[in-house]
Amino acid sequence: MNQRNFDSESAPVWLAAPGDREASEQLRVVADEALLVNGDTGRALRLATHLGSRLPGTGEGDTRRLFETLATVSAADLSAARATDGHLAALSILGQASVEPGQLPGGEVDGTRSWGVFAAEARGTRLDAIESEQGWRLDGLKPWCSLAGSLSNALVTAHTSGHSMRLFAVDLTAPGITVLEDAWVGRGLPSITSGPVDFRGVPAVAIREDDWYFDRPGYAWDRIGVAACWFGGAVGIARRVFRGAQDWPADQIALAHLGAIDVALSACGGALAAAAAAIDDGTATGQAGAVLAARVRGLVARSVEDVIMRAGHALGPWPLAFEARHSQRVADLELYVRQHHAERDEAALGALLLDGGSVPGGGPSPW
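Those letters in the sequence shown? Residues 0 to 366, by numbering that gives the first Met the number 0.
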């Protein structure tokens, strides 16, 4: 082939046409730093805190740059992306709540505090928030707490009643916290352990009122930001397919897979760019924001699965067996994208469309 050989694993990821040269160089530096993480937790958290002090929050007027940064980090190293996404999401949430991290116990801004968001629920586990004269305390088991043993702080959702939940800020160095790291056996994201955490009378600071965390517009926006990470991970795999087509005489099968991957990723980039614009212009709120998040996440998740499948068909077993970066990237992304609940999330989108009267040919439905 007569194209320049594309051999860089650390290159900027754009959602559509590249921006100005200054932005390109900034993203290139970010990509280089993310590639150096190579699954190392300490490096991942240092990159996350570094970016947290320099990037805008979601909905602050430059959401596209935020999404492109998340995608760029993800294309280089998904462990770095997972740490960065959690840290940036926590800072965005605090900004939306008009709370400065430095106002919280153990949350002073000194360049080393690292944040995560623990908001998942699972059968057989429950975390309760109990208020007394001494303030709020958390008691119970919280599942899916990524990097709980390495972070300094977290935003955690807990039950305040049978039907309501509230968001709390927690100093993860406080007594009463037991991180159950041995429960994590995943081969994907092996350094980003996301096991349960046992809270026993742990002091916590309430962030706004009951259910604010779920009702705020930023809840949908954060979910789109995660999709930007999935997109970036798929770009990293697609780049390996592109290099494979350059290194060997590409037959029609390899070219067909490469072309199909390009179609899928181009659609994802355009959808994420449009979502970023909608977030910043104020139209991605309420049900419109929820529908937008469900659509973008569904499109990206399905495209990720397609890219992984096509990469395997195009490249064969060699990269999975003998290339550590590629093999780990595939395993990482297969686990990461399972934050999308496949047909269950598609069913939830269908319910949103019916509940909102979004009939084909009318309302917010484009079809």
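Here a beta-carbon is modelled for each residue, glycine too, at the ideal position from N, C-alpha and C.
For residue i, which of the options has the nearest alpha-carbon?
i      : options                        : result
Arg309 : Ala253, Gln338, Glu342, Asp344 : Ala253
Asp138 : Ser151, Ser145, Thr156         : Thr156
His86  : Gly297, Glu208, Leu46, Ala237  : Leu46
Ile278 : His162, Gly51, Val12, Asp61    : Asp61
Ala226 : Ala330, Arg301, Gly101, Ala89  : Arg301
Gly58  : Ala274, Glu180, Pro100, Asp250 : Ala274
Gly51  : Leu90, Glu130, Pro11           : Leu90
Ala96  : Ile223, Asp214, Ala249         : Asp214
Asp84  : Glu99, Gly224, Leu26, Pro316   : Gly224
Could you check where the alpha helix (DSSP H) with residue i kicks off and where it finishes?
i      : result
Trp13  : Per DSSP, Trp13 belongs to no alpha helix (DSSP H) and is neither H nor E.
Asp246 : 217 to 246
Can you name the start and end residues of the beta strand (DSSP E) that residue i belongs to?
i      : result
Thr177 : 176 to 178
Asp138 : 134 to 141
Asp170 : 164 to 170
What does a CB cutoff of less than 6 angstroms around residue i pick up in its chain, not counting 5 residues either side in sequence?
i      : result
Pro142 : Ala119, Ala121, Thr124, Pro195
Ala219 : Gly288, Ala289, Ala292
Asp246 : none
Asp197 : Leu140, Thr177
His325 : Arg239, Pro318
Ser163 : Asp209, Asp210
Gly175 : Arg199, Gly200, Val201
If I measure Cβ to Cβ from residue i and keep anything under 7 angstroms in the same chain, skipping five residues before and after, which residues do I get?
i      : result
Thr284 : Pro216
Arg328 : Leu77, Gly232, Gly235, Ile236
Gly312 : Residue 312 is actually His in this sequence, not Gly. Excluding residues within five positions, the ones whose Cβ falls inside 7 angstroms are His256.
Leu351 : Gln286, Ala289, Val290, Ala293
Pop quiz: residue i and residue j are said to be a contact at Cβ under 8 angstroms. What is the actual Cβ separation, rounded to whole angstroms?
i      : j      : result
Leu14  : Phe66  : 6 angstroms
Ser193 : Cys144 : 6 angstroms
Ala79  : Ala43  : 5 angstroms
Ala33  : Ile191 : So it is not a contact: roughly 14 angstroms between Cβ atoms.
Val116 : Ala88  : 5 angstroms
For residue i, collect the residues of the same chain with a Cβ closer than 8 angstroms to its Cβ; drop the 5 residues on either side in sequence, then sort them by chain order.
i      : result
Phe5   : Confidence in Phe5 is poor, its pLDDT being 46 and thus under 50, which makes the residue's placement too unreliable to answer from.
Leu348 : Val290, Ala293, Arg294, Gly297
Glu333 : Gly187, Ile307
Tyr264 : The sequence given here places Leu at residue 264; Tyr does not occur at that position. If we look at Leu264 and ignore the five residues flanking it on each side, its Cβ neighbours are Phe230, Ala233, Val234, Ala237, Ser302, Val306.
Quiz item: Taking one C-beta from the stretch 168 to 179 and one from the stretch 201 to 216 each time, how about it: are there three or more such pairs within less than 8 angstroms?
Solution: yes
Quiz item: Are there three or more Cβ pairs, one per stretch, closer than 8 angstroms when the stretch 264 to 277 is compared with the stretch 315 to 334?
Solution: no
Practice problem: Please confirm if the stretch 296 to 310 is in contact with the stretch 275 to 283, defined as three or more CB-CB distances below 8 angstroms between the two stretches. | Solution: no
Exercise. Would you be able to state if there are at least three C-beta pairs under 8 angstroms between the stretch 66 to 81 and the stretch 228 to 235?
Key: yes
Quiz prompt | Inter-stretch contact at 8 angstroms, needing at least 3 Cβ pairs: the stretch 23 to 38 / the stretch 250 to 264 | solution = no
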